[in-house]
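Order-wise, the sequence lines are chains A and B.
Be aware that the first sequence starts at 1, since it is given in this note's numbering, and climbs by one per residue.
Be aware that the second sequence starts at 204, since it is given in this note's numbering, and climbs by one per residue.
Contents: one structure, followed by commentary.
Number of protein chains: 2
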Amino acid sequence: MGELTTKEKIFDVSLELFSQKGFTNTSIRQIAREVGIKESSIYNHYSSKQAILDDILSTFTNYFVDDLAEDTQMEDLLEKDPLLFYHMGSEGFRQLIKNEKIMKIFRLIFIQMYQDDQIAEFFHKHILEEPLKFWTSVFTKLIEKKHIEDLNPEMLAREYYAYAIFLLLEIFIENNSFPEEEIDRLFEEAESHAKFLFESVRI
Amino acid sequence: MGELTTKEKIFDVSLELFSQKGFTNTSIRQIAREVGIKESSIYNHYSSKQAILDDILSTFTNYFVDDLAEDTQMEDLLEKDPLLFYHMGSEGFRQLIKNEKIMKIFRLIFIQMYQDDQIAEFFHKHILEEPLKFWTSVFTKLIEKKHIEDLNPEMLAREYYAYAIFLLLEIFIENNSFPEEEIDRLFEEAESHAKFLFESVRI
DNA sequence: GTCTATACTTCGATAGAC
DNA sequence: GTCTATCGAAGTATAGAC
Numbered sequence: 001m002g003e004l005t006t007k008e009k010i011f012d013v014s015l016e017l018f019s020q021k022g023f024t025n026t027s028i029r030q031i032a033r034e035v036g037i038k039e040s041s042i043y044n045h046y047s048s049k050q051a052i053l054d055d056i057l058s059t060f061t062n063y064f065v066d067d068l069a070e071d072t073q074m075e076d077l078l079e080k081d082p083l084l085f086y087h088m089g090s091e092g093f094r095q096l097i098k099n100e101k102i103m104k105i106f107r108l109i110f111i112q113m114y115q116d117d118q119i120a121e122f123f124h125k126h127i128l129e130e131p132l133k134f135w136t137s138v139f140t141k142l143i144e145k146k147h148i149e150d151l152n153p154e155m156l157a158r159e160y161y162a163y164a165i166f167l168l169l170e171i172f173i174e175n176n177s178f179p180e181e182e183i184d185r186l187f188e189e190a191e192s193h194a195k196f197l198f199e200s201v202r203i
Numbered sequence: 204m205g206e207l208t209t210k211e212k213i214f215d216v217s218l219e220l221f222s223q224k225g226f227t228n229t230s231i232r233q234i235a236r237e238v239g240i241k242e243s244s245i246y247n248h249y250s251s252k253q254a255i256l257d258d259i260l261s262t263f264t265n266y267f268v269d270d271l272a273e274d275t276q277m278e279d280l281l282e283k284d285p286l287l288f289y290h291m292g293s294e295g296f297r298q299l300i301k302n303e304k305i306m307k308i309f310r311l312i313f314i315q316m317y318q319d320d321q322i323a324e325f326f327h328k329h330i331l332e333e334p335l336k337f338w339t340s341v342f343t344k345l346i347e348k349k350h351i352e353d354l355n356p357e358m359l360a361r362e363y364y365a366y367a368i369f370l371l372l373e374i375f376i377e378n379n380s381f382p383e384e385e386i387d388r389l390f391e392e393a394e395s396h397a398k399f400l401f402e403s404v405r406i
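Now the structure itself:
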């Protein structure tokens with residue numbers, strides 16, 4: 001259980017360093033040093049430095065593919081009790097920041113996306129477009145069912161979601177890892193934002 | 204007028220490259236190449252690569268020191284017509300995105316802040332704390348004068364300001380420079396957010 | 001204030017012994 | 001699957017001629 005293969009060690013150490021200093025500013029030598037092997041041995045597990053990054057990013061994508069199944073459950077929930085919609089988002093947010101590995105990958109993306117076209121596209125698609133599309137559909141339903149005012153659902157989705165991105169950015173500037181109580185505080189803030197927005201538009 | 208000294212050329216080229224690829228990923232060689240001189244000649248104008256960055260950052264600070272004088276004028280305006288508050292912010296935002304040099308420095312900060320303690324502190328102080336403090340004071344006044352509901356002014360400031368940071372992040376992911384019409388569109392979106400928030404809390 | 005030339009360091013990656 | 005040894009490229013910066 002506690003046993004890690006060398007490849008897993010390389011993965012973990014690389015993720016830690018990439019998420020702190022960025023991909024380009026992390027050297028194979030430093031990864032090797034912290035893993036406890038020589039740099040040439042890295043190439044026995046990964047064909048290149050880029051291959052390590054690709055492995056990390058696919059971990060991230062797989063996480064959200066699995067998570068998408070939950071989203072459909074969420075839509076069912078929305079049918080039954082639409083007023084819970086704001087709770088869905090903040091609960092999803094809590095799950096996110098509780099997951100240390102995913103948060104590290106998030107940080108890596110936030111660091112690297114301005115310089116790396118591949119990651120910029122990744123961010124744009126998976127962290128902007130898809131969630132905004134999802135929340136637009138949620139608000140559309142809430143409007144149809146006359147739970148909230150007849151406003152532009154895309155605008156509402158942006159008003160709702162922008163705050164989460166802001167919180168992530170703030171987290172990454174202020175902290176690197178955080179304890180349980182900090183997670184609770186962030187959850188509370190996400191929840192409070194959702195509540196505020198909801199109270200503003202409910203009928 | 205159109206004549207640039209070599210030092211100014213170095214400044215401009217460095218800012219362009221730093222804002223695109225980040226400080227660490229830009230080499231002295233590349234700066235020299237684009238300026239049209241040899242890399243050793245750079246050191247006749249700047250003592251080091253870091254010195255170029257320092258020069259760029261102090262340009263940014265000076266811009267906002269001058270801008271602070273306008274803020275006090277804004278407070279006077281607020282006394283006379285508090286309902287204009289939301290217009291103040293989006294107009295400031297428009298001035299910001301119209302200023303190409305300042306936007307490049309913003310992008311540089313967004314790129315570099317996760318990896319560079321100096322810039323992280325810079326961002327935290329000048330781009331988070333100070334503006335949030337300013338907007339908290341604005342909302343406090345609006346509450347005192349019973350123009351808006353008696354809510355937590357710090358929360359309102361965050362609700363208001365977070366969206367601007369989100370817009371900046373989105374700009375930097377999607378675009379590098381943009382035409383007049385794009386600036387107008389962004390201004391409209393900032394204004395629309397302010398209006399939405401204001402309508403939600405006005406009495 | 002520009003150039004050539006070069007010192008010194010660090011990088012990603014490979015070859016080949018064990 | 002680890003090691004030693006090494007390559008070629010690229011990085012910052014300096015010395016000194018013009």
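The C-beta atom is built at its ideal place from N, Cα and C for all residues, glycine as well.
Small disclaimer: the values here were computed from a predicted structure and weren't measured.
Endpoints, alpha helix (DSSP H) assigned at residue i
i: Pro334/B; result: Glu333 to Glu347
i: Ser19/A; result: Thr6 to Lys21
i: Arg94/A; result: Phe85 to Lys98
i: Ile406/B; result: Looking at the DSSP string, Ile406/B is not in any alpha helix (DSSP H), and its letter there is neither H nor E.
i: Tyr246/B; result: Careful: Tyr246/B lies outside any alpha helix (DSSP H) and carries neither H nor E.
i: Ile28/A; result: Ile28 to Val35
i: Gln321/B; result: Asp320 to Phe325
i: Phe369/B; result: Pro356 to Glu377
Chain-ordered neighbours of residue i on chain B, where CB pairs are closer than 7 Å
i: Ile171/A; result: Within chain B, no residue comes near Ile171/A; the closest Cβ sits about 11 Å away, beyond 7 Å.
i: Asn25/A; result: Thr227 and Gln318
Under 7 Å from the C-beta of residue i: neighbouring residues of chain A
i: Ala323/B; result: Ile173
i: Ala365/B; result: Ala162, Tyr163 and Phe166
i: Ser403/B; result: Ser200
i: Glu352/B; result: Under the 7 Å cutoff, chain A gives no residues; its nearest Cβ is about 10 Å from Glu352/B.
i: Ile314/B; result: Tyr114 and Gln115
Residue closest to residue i, alpha-carbon to alpha-carbon, out of the options
i: Phe369/B; options: Ile148/A, Leu128/A, Val138/A and Lys141/A; result: Leu128/A
i: Lys125/A; options: Glu373/B, Ile305/B, Asn302/B and Ile245/B; result: Glu373/B
i: Asp314/B; options: Glu391/B, Asn228/B and Leu287/B; result: Here residue 314/B turns out to be Ile, not Asp, going by the sequence shown. Comparing Cα-Cα distances from Ile314/B to each of Glu391/B, Asn228/B and Leu287/B, the minimum goes to Asn228/B.
i: Ile300/B; options: Ile245/B, Ser395/B, Asn378/B and Lys398/B; result: Asn378/B
i: Gln95/A; options: Phe196/A, Phe198/A and Glu188/A; result: Glu188/A
i: Trp135/A; options: Glu154/A, Leu17/A and Phe11/A; result: Glu154/A
i: Arg202/A; options: Ala162/A, Arg185/A, Ser177/A and Lys145/A; result: Lys145/A
i: Asn247/B; options: Asp353/B, Thr209/B, Ser222/B and Phe326/B; result: Thr209/B
i: Asn62/A; options: Ala120/A, Leu17/A and Lys101/A; result: Lys101/A
Exposure of residue i, with buried meaning 16 or more beta-carbon neighbours within 10 Å
i: Gly22/A; result: buried
i: Ala51/A; result: exposed
i: Arg158/A; result: buried
i: Ser14/A; result: buried
i: Arg236/B; result: exposed
i: Pro179/A; result: exposed
i: Tyr363/B; result: buried
i: Val65/A; result: exposed
i: Ser250/B; result: exposed
i: Asp116/A; result: buried
i: Gly292/B; result: buried
i: Lys104/A; result: buried
i: Ser380/B; result: exposed
i: Leu287/B; result: exposed
i: Ser222/B; result: buried
i: Arg185/A; result: exposed
i: Arg232/B; result: exposed
Contact set between residue i and chain B, taken where Cβ atoms lie within less than 8 Å
i: Ser192/A; result: Met358
i: Lys21/A; result: Gln318
i: Glu159/A; result: Tyr366, His396 and Phe399
Chain B contact residues for residue i, given Cβ-Cβ distances below 9 Å
i: Phe123/A; result: Ile376
Q. Taking any Cβ of chain A, which residues in the region 287–310 of chain B have a Cβ under 8 Å from it, in chain order?
A. For the region 287–310 of chain B, the set of residues with a beta-carbon nearer than 8 Å to any beta-carbon of chain A comprises Arg310, in chain order.
Q. Mind listing which residues of the region 236–269 of chain B have their C-beta closer than 9 Å to chain A's C-betas, in chain order?
A. So the list is empty, because no residue satisfies the distance condition.
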